[in-house]
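Asks: One structure coming up, written as structure tokens, with questions to follow.
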Amino acid sequence: MRIICLSDTHGQHRQVLVPPGDMLIHAGDFTRRGQAGEIADFNDWLGTLPHPHKVVVAGNHDWLFEQDPHQARALLTHAHYLEEEALVIGGLRLWGSPITPWFFDWAFNRFRGDDIRRHWEMIPSDTDILITHGPPFGQLDLTRHGQAVGCEALARELERIQPRLHVFGHIHEGYGSVQAGPTCFVNASVLDVQYVLVNAPWVVDSETWRAEAGS
């Protein structure tokens, strides 16, 4: 299966050159303020893409999914939306979450420690593809100031889960891919820290679980 990974489009999704593939994964922050019109436009765009399977999690900017989840989900008709939920596609087990460590009281923020750990403890151990909005600590999570801001509790749970692929974004300047043990980690943020579209989506082959920047 050819898996296309992107994140943090912040309303600029129509400018992204999306490679063809079997599954499209968006790891959140597809809006700037999480308003209904932004979600509807994103959904319309998803409907134009040929990928047979589309999977989305929300991010800290996608407010409506936390404030009025029924309305937000109703607007997203062209993708599977995952919020602490599992999904099986083509025999691959996916699990997605919008939760991130506390950051100026944005959507889906949780305090580090026990408050956020309980979310990660729900992830099934047999997950093949993990989609979270934010990174685990120590993996593609460095800010422009050189600070590692990923989630420590998530990093510890990954030792139990060991997915084949972990897709996230949130830290724009952490864009990249790295192989660590059995897991291919992908920070798929297509915008830089100034919200300029500079990065390509990632393409992952489920036979090799290796990522390459697409175009």
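Going by my numbering, 10 is the number at position 14 of the sequence shown; the sequence numbering is gapless.
Glycine included, each C-beta is placed from N, C-alpha and C at the ideal position.
State the start and end residues of the unbroken beta strand (DSSP E) segment that holds Leu67.
Replies: In the sequence on display, residue 67 carries Gln and not Leu. Not the beta strand (DSSP E): Gln67 falls in the alpha helix (DSSP H), residues Pro65 to Leu71.
Asks: Would you say Val52 and His22 are within 7 Å of each other, going by their C-beta atoms?
Replies: Yes, they are a contact pair.
Asks: Does the distance from the C-beta atom of Trp116 to that of Leu78 stay below 7 Å?
Replies: For Trp116 and Leu78, no; Cβs fall outside 7 Å.
Asks: Report yes if the C-beta distance between Arg14 and Val186 is below 7 Å; otherwise report no.
Replies: Reading the sequence as shown, one finds Val at residue 14 and not Arg. Not a contact, by the Cβ cut-off of 7 Å.
Asks: Return the first residue and the last residue of the beta strand (DSSP E) that Asp201 is part of.
Replies: Where Asp201 is concerned, the enclosing beta strand (DSSP E) stretches over Trp198 to Asp201.
Asks: So Gly30 packs on His66, CB below 8 Å; how close in whole Å?
Replies: Not confirmed; about 14 Å, so no contact.
Asks: Count the other C-beta atoms from every protein chain shown that fall within 10 angstroms of the C-beta of His168, then say buried if there are 16 or more, exposed otherwise.
Replies: Result: buried.
Asks: Check each candidate in Asp188, Pro46 and His76 and name the one with the smallest Cα separation from Gln8.
Replies: Per the Cα distances, Asp188.
Asks: Counting C-beta neighbours from all protein chains within 10 Å, is the total for Arg48 16 or more, i.e. buried, or is it exposed?
Replies: Inspection of the sequence shows that residue 48 is occupied by Pro rather than by Arg. Burial call: exposed.
Asks: Of the choices Ala75, Leu60, Glu208 and Asp64, whose alpha-carbon is the least far from that of Asp40?
Replies: With distances taken between Cα atoms, Asp40 lies closest to Ala75.
Asks: Beta-carbon separation of Met19 and Ile(-1) under 7 Å?
Replies: Closer than 7 Å, so yes.
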